[in-house]
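Everything on this sheet refers to the single structure shown next.
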Amino acid sequence: MNSGPFYEGLKTYFNITHGANKFIEITYLTTEKVAIDIIKFDDWLHKQIGNYEEKEGLSMKEVISKYYGGSAASFIQNIL
């Protein structure tokens, strides 16, 4: 994925406008394709929602679908 859709998706689905660069996977430097650093994004989700694995028994995909919608979950899946 190119950087434009990456930033637009983070803004549209998660209201992340500032600091989105911290979610870019390091392989961007060699591949020039943007992927999400899933560990950093998971940390962000925990700050937003709490410990959803233990509290609600949900996976990351399930919690994204529940709180941000199915399109948001598909967006994340596509940039892994």
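Start counting the sequence shown at 14; every next residue gets the next number (the working numbering). Ideal placement from N, C-alpha and C gives every residue a C-beta, glycine not left out.
Taking 8 angstroms as the cut-off, the beta carbon of residue 47 is found closer than this to the beta carbon of residue 37. With fewer than 16 other Cβ atoms from the protein chains shown falling within 10 Å of its own Cβ, residue 93 counts as exposed.
Of the candidates 27, 75, 19 and 70, the residue whose Cα lies closest to the Cα of residue 57 is 27.
Close CB contacts of residue 20 within its chain, under the 6 angstroms cut and outside five residues either way in sequence, are with 33 (chain order).
Counting other Cβ atoms within 10 Å of its Cβ, residue 22 reaches 16 or more and is therefore classed as buried.
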